[in-house]
Amino acid sequence: MGMSIKPIKPKPGQESVWDYPRPPRLEACSKHLRMVFNGEIILDTNMSFRMLETSHPPTYYFPIEAMKAGVLIPAEGTSFCEWKGVANYYDIRVGDKKVTKAAWGYLNPNKSYPQLKNTISVYAHHMDVCYVNDEKVQAQEGDFYGGWITQDIVGPFKGAPGTWGW
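Under the UniProt record's numbering, think of the first position of the sequence shown as 1, with each following residue one higher.
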């Protein structure tokens, strides 16, 4: 951690992203996740995984089949994560509204994260609103990382301009 980064001390009931490990830890999660896009609920589940990585708010991965049928459209292109492997992307469409590469998942995740197979994660900033246990999520800054920030998570968080070198 660089000298200019000053982690926020968590209060009781909070987690600091600076206590998350590298490589990241994947843990089962039963928090209630909900997403709304173009005025429709497209996700409502209590089955997910949280990916916890140093300097990042949690990224939630949930079963593809938990998404409303017909909203995911496979998109062109992939990216590579040193920990999880090759990511595939999905557009999300509801009615006449479509967002390109709003979600991603790992069809063949690295052997360290077999639970990620057939799951996806969604960039919160592309949705009307996302909730964790009925709390509105704040999207992680930037357009590369997909963390979901809630009041029980403290940073500072990687993603904003000037933080890529952390």
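A virtual CB, placed ideally from N, CA and C, is assigned to each residue, including glycine.
Unbroken beta strand (DSSP E) run spanning residue i, endpoints
i	result
F80	72 to 81
Y60	59 to 63
N116	At residue 116 the sequence reads Leu, which differs from the Asn that was named. Where L116 is concerned, there is no enclosing beta strand (DSSP E), given that its DSSP letter is neither H nor E.
D91	85 to 94
F49	48 to 52
Y131	129 to 132
V99	97 to 105
Y157	The sequence as given places Phe at residue 157; Tyr does not occur at that position. Careful: F157 lies outside any beta strand (DSSP E) and carries neither H nor E.
Nearest-angstrom beta carbon gap, residue j and residue i [assumed within contact, 8 angstroms]
i	j	result
T59	S121	5 angstroms
P74	Y90	6 angstroms
Q140	G159	5 angstroms
N110	G142	Going by Cβ atoms, the distance from N110 to G142 rounds to 23 angstroms, so no, they are not a contact pair.
T150	V132	5 angstroms
Beta-carbon proximity check, residue i vs residue j, cutoff 9 angstroms
i	j	result
S4	K31	no
residue 230	G147	One cannot answer for residue 230 here, as it falls past the ends of the chain, which runs 1 to 166.
P12	T54	no
A87	T100	no
L43	L26	no
V154	P7	yes
Q14	D134	no
L72	A103	yes
In DSSP terms, what residue i is bridged to
i	result
E141	None, per the DSSP bridge assignment.
S112	DSSP lists no partner for S112.
W148	A139
T45	L33
Residue i Cβ short of 8 angstroms to the ligand ZN heavy atom set
i	result
V71	The ligand ZN is not part of this structure, which contains no ligands at all.
Self-check item: the stretch 88 to 98 in contact with the stretch 21 to 38 per 3-pair CB rule at 8 angstroms
Solution: yes
Exercise. Assess, as a yes-or-no matter, whether the stretch 108 to 126 is touched by the stretch 60 to 73 under the definition of 3 or more beta carbon pairs within less than 8 angstroms.
Key: yes
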